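Working notes, beginning with the structure itself.
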Amino acid sequence: VQLQASGGGLVQPGGSLRLSCKAPRMITSTFWATDFGWYRQAPGKQRDMVASASRDGSKDYADSVKGRFTISRDSSKKTVSLQMDSLKTEDTAVYYCHARQSDIDYWGEGTLVTVSS
4 VQLQASGGGL VQPGGSLRLS CKAPRMITST FWATDFGWYR QAPGKQRDMV
54 ASASRDGSKD YADSVKGRFT ISRDSSKKTV SLQMDSLKTE DTAVYYCHAR
104 QSDIDYWGEG TLVTVSS
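When we follow my numbering, the leftmost residue of the sequence shown carries the number 4, and every step to the right adds one.
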């Protein structure tokens, strides 16, 4: 499974960014059967789940981002997006797209998000 992440960058506190994760080679039926998520890893810290969008339609968020981040899936575009609003300096990290199929985990290359004034 190939995952292509994009959308990171530098933003001021309070600003917004939208991350996208595309699975260009995935057929639609497989996309529907896949659990997706976004993780992040700050310098010197472990990689933690930020948001998930399961194949059953459920969504979950880390407490630290609830009410600020929104994850969405678009099967027509084979894309999973993470809308990040009201960004804080503590959101600075490398963000990774994650997919899980048949108990196998797949990771995209990270995209750096820097929140700084």
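A virtual CB, placed ideally from N, CA and C, is assigned to each residue, including glycine.
None of these values were measured; they are calculated from a predicted model.
Burial state of residue i (16 or more Cβ within 10 Å)
i, result
"Leu13", "exposed"
"Ser19", "exposed"
Whole-angstrom C-beta distance between residue j and residue i, which should lie under 8 Å
i, j, result
"Gly111", "Ala8", "4 Å"
"Thr95", "Val116", "6 Å"
"Met52", "Tyr42", "5 Å"
"Leu22", "Leu85", "4 Å"
Top-ranked residue by Cα proximity to residue i, from the options
i, options, result
"Gly3", "Tyr98, Met87, Val97", "As displayed, the chain neither begins before 4 nor continues past 120, which places residue 3 out of reach and without an answer."
"Asp59", "Pro46, Phe34, Ala45", "Phe34"
Where the alpha helix (DSSP H) through residue i begins and ends
i, result
"Ser32", "31-35"
Delimiting residues of the beta strand (DSSP E) encompassing residue i
i, result
"Val118", "114-118"
"Lys80", "Premise fails: Lys80 is in no beta strand (DSSP E) and is neither H nor E."
"Ala45", "Careful: Ala45 lies outside any beta strand (DSSP E) and carries neither H nor E."
"Ser9", "7-9"
"Asp59", "Neither: Asp59 is in no beta strand (DSSP E) and is coded neither H nor E."
Coarse secondary structure for residue i, derived from DSSP in three states
i, result
"Asp94", "helix"
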